[in-house]
DNA sequence: AGGTGACATGACAAAATCTACATGTCAATA
DNA sequence: TATTGACATGTAGATTTTGTCATGTCACCT
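Residue numbers (my numbering), protein chains in the order written: chain A, 1 to 171; chain B, 172 to 342.
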């Protein structure tokens, strides 16, 4: 059901079409929250509308349909977000690879950690720049909380990779 | 295919039965790497054996079958772990909820962040204690890399939640 | 006028995952 | 010796997700 709430959450910020939502997933959610493709998004949007949690509010060119969240949808979203879910489902291919690092020999591990350190540094800088830009343009700070968490997460990944490299050397 | 490699990775550390693996998933992987239930693990173990990536090395009481990774399996695991996968699949119900924080009103957000701060603190302390205990008992440091990352991750979650609470107050 | 690329939605089959049901063993303890 | 709980492995149907194919529109550029 998470996809459903991810969509409601994005629609709670502003009305959007399936195409818009697919791009938002790609830009904002894919890397650390939830992955979904358009072939999953469109059918779920139809179900959301059928269930009265979202509604088409505008029809544009090329068959574009803009959806908005309904009051029912907003209530249902709030219920889900506040649900004290202490057993969340986590599936992270990236973390899994890091976890499997210990099955590699030292030279392979070093190679992987270097790649890791570089990748997370880039991602950290990208997010940090995005936050600064958004902050300067007056976006509400609360909307930047998630980005801030993302930035801190990649910073930790980076520091951890360097720490791990260091430990490999001293063994 | 990630489940397959998660299993191979655990078997690369030491031979284990499906039951053992289910517990390892529960204890080590579920919270930040990969979630899987026994109903998925047993069939996949059979496929692993059929494909020659793992093999039954011991039959114990109660139908227990202990599997070990084969050389082919080890090579295949290495190939996958080193694969420069720059588009990993991430699905994290927990992070998704945090992302949707911005759709809540201030009082709800505060409530959620407090719950968050408390939960991540507990998880951090649990992991840190486990690392200390394992370190003292002479486990190879490289096997603790993943735990160290987990601990740092929950530490960041905790600090972020406090930071976010602070920002909410100053708005 | 024709070509290109972003925009826009969808269907469908295959694979992965979940939930629930199903069955039996063995060790400890009351 | 009866009960209980951990050990141990499975199956089946439903749901979710993936990957690919399919189709058409509109704006812009040459």
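Cβ atoms here follow ideal geometry from the backbone N, Cα and C, with glycine treated the same way.
- Item | Check whether residue 82 of chain A and residue 165 of chain A have beta carbons under 7 Å apart | At least 7 Å separates the beta-carbon of residue 82 of chain A from that of residue 165 of chain A.
- Item | Where the alpha helix (DSSP H) containing residue 46 of chain A begins and where it ends | Residue 46 of chain A -> alpha helix (DSSP H) spans 38-50.
- Exposure label - residue 177 of chain A; buried when at least 16 CB within 10 Å: Past the boundaries of the shown model lies residue 177 of chain A; chain A is included only from 1 to 171, so the question cannot be answered.
- Message: On the DSSP letters alone, give me the boundaries of the alpha helix (DSSP H) that residue 136 of chain A sits inside.
- Response: In the DSSP assignment, residue 136 of chain A falls within the alpha helix (DSSP H) that extends over 106-136.
- Check whether the segment 222-240 of chain B touches the segment 175-188 of chain B, taking contact to mean three or more Cβ pairs, one atom from each stretch, closer than 8 Å. The answer is yes - the segment 175-188 of chain B touches the segment 222-240 of chain B, with three or more Cβ pairs under 8 Å.
- Task: Excluding the 5 residues preceding and the 5 following residue 120 of chain A in the sequence, name in chain order all residues of the same chain whose CB lies nearer than 6 Å to its CB.
- Result: For residue 120 of chain A, where only same-chain residues beyond five positions count, the Cβ hits under 6 Å are 154, 157, 158.
- Since residue 147 of chain A and residue 127 of chain A are thought to touch, with beta carbons under 8 Å apart, how far apart are those beta carbons, to the nearest angstrom? Distance from residue 147 of chain A to residue 127 of chain A at the Cβ level is roughly 6 Å; contact confirmed, criterion being Cβ atoms closer than 8 Å.
- Item | Start-to-end residues for the beta strand (DSSP E) that takes in residue 238 of chain B | From DSSP, the beta strand (DSSP E) with residue 238 of chain B extends over 236-240.
- Cβ shell of residue 205 of chain B (< 8 Å), same chain only, five flanking positions each side left out: The residues are 173, 174, 177, 196.
- Does the beta carbon of residue 99 of chain A sit closer than 7 Å to a beta carbon anywhere in chain B? Yes, its Cβ sits closer than 7 Å to a Cβ of chain B.
- Message: Quick check on residue 91 of chain A - is its C-beta less than 7 Å from some C-beta in chain B?
- Response: Cβ-Cβ to chain B under 7 Å: yes for residue 91 of chain A.
- Query: For residue 286 of chain B, which residues in chain A fall below 8 Å Cβ to Cβ?
  - Reply: From the beta-carbon of residue 286 of chain B, the residues of chain A found nearer than 8 Å are 84.
- Do you know how far the Cα of residue 340 of chain B is from the Cα of residue 90 of chain A? Spanning the two alpha carbons is a distance of roughly 31 Å.
- Determine which residues of the segment 295-321 of chain B have a Cβ less than 9 Å from any Cβ of chain A, and write them out in chain order. Cβ contacts with chain A come from 311, 312, 313, 314, 315, 316, 317, 319, 320, 321.
- Since residue 71 of chain A meets chain B, which of its residues come closer than 9 Å, beta carbon to beta carbon? For residue 71 of chain A, there are no neighbours in chain B by C-beta distance under 9 Å, as the nearest C-beta there is about 13 Å away.
- Buried or exposed for residue 36 of chain A, please, with buried defined as at least 16 other CB atoms from any protein chain shown within 10 angstroms of its CB. Buried is the call here.
- Query: Would residue 103 of chain A pass as a contact of residue 203 of chain B if the rule is Cβ separation under 7 Å?
  - Reply: No, they are not a contact pair.
- Message: As a quick exercise: from A/110, A/136, A/140, pick the residue whose alpha carbon is nearest that of residue 316 of chain B.
- Response: That would be A/110, whose Cα lies nearest to the Cα of residue 316 of chain B.
- Message: Let me see if you follow: with CB-CB separation under 7 Å, is residue 210 of chain B close to chain A or not?
- Response: Chain A, which has no Cβ nearer than 7 Å to the Cβ of residue 210 of chain B, makes this no.
- Item | Proximal residues of chain A, C-beta to C-beta of residue 329 of chain B below 7 Å | Neighbours of residue 329 of chain B on chain A: none; closest Cβ ~11 Å, over 7 Å.
- What's the C-alpha gap between residue 193 of chain B and residue 310 of chain B? Answer to the nearest angstrom: the Cα atoms are 22 Å apart.
- Query: So what's residue 17 of chain A in DSSP terms, helix, strand or just coil?
  - Reply: Residue state, collapsed to three classes: strand.
- Nearest-angstrom Cβ-Cβ length linking residue 228 of chain B and residue 246 of chain B, presumed shorter than 8 Å: The Cβ separation is near 18 Å, so there is no contact.
- Is there a Cβ from chain B that is less than 7 Å from the Cβ of residue 16 of chain A? No - not a single Cβ of chain B is within 7 Å of the one on residue 16 of chain A.
- For residue 306 of chain B, which residues of its own chain have a beta-carbon under 7 Å away from its beta-carbon, when the five flanking residues on both sides are left out? Result list for residue 306 of chain B: 315, in chain order.
- Query: List, in order along the chain, the chain B residues whose C-beta lies closer than 9 Å to that of residue 108 of chain A?
  - Reply: Result: 249, 252, 253.
- Task: List the residues of chain A that residue 176 of chain B touches, going by C-beta distances under 8 Å, in chain order.
- Result: For residue 176 of chain B, the chain A residues whose Cβ falls inside 8 Å of its Cβ are 96, 100, in order along the chain.
- Message: Going by DSSP in three states, residue 262 of chain B sits in which element: helix, strand or coil?
- Response: In this structure, residue 262 of chain B counts as strand in the three-state DSSP scheme.
- Could you list which residues in chain B have their beta carbon closer than 8 Å to that of residue 32 of chain A, in chain order? Here the neighbours are 261, 263, 266.
- CB contact below 7 Å: residue 103 of chain A versus chain B: Chain B, which has a Cβ nearer than 7 Å to the Cβ of residue 103 of chain A, makes this yes.
- Task: Going by CA-CA distance only, name the one from A/17, A/88, A/72 that's closest to residue 66 of chain A.
- Result: Considering only alpha carbons, the answer is A/17.
- Within the 7 Å Cβ cut-off, does residue 2 of chain A reach chain B? Yes - at least one Cβ of chain B is within 7 Å of the one on residue 2 of chain A.
- Where residue 215 of chain B falls, given that 16 or more other Cβ within 10 Å makes a residue buried: Buried is the call here.
- Item | Within chain B, partners of residue 153 of chain A - CB distance below 9 Å | Residues of chain B passing the Cβ test: 266, 324, 327, 328, 331.
- Message: Quick test of your reading: residue 295 of chain B and residue 322 of chain B, contact by CB under 8 Å. State the CB separation rounded to the nearest angstrom.
- Response: In this structure residue 295 of chain B touches residue 322 of chain B by the C-beta definition: roughly 6 Å separates them, less than 8 Å.
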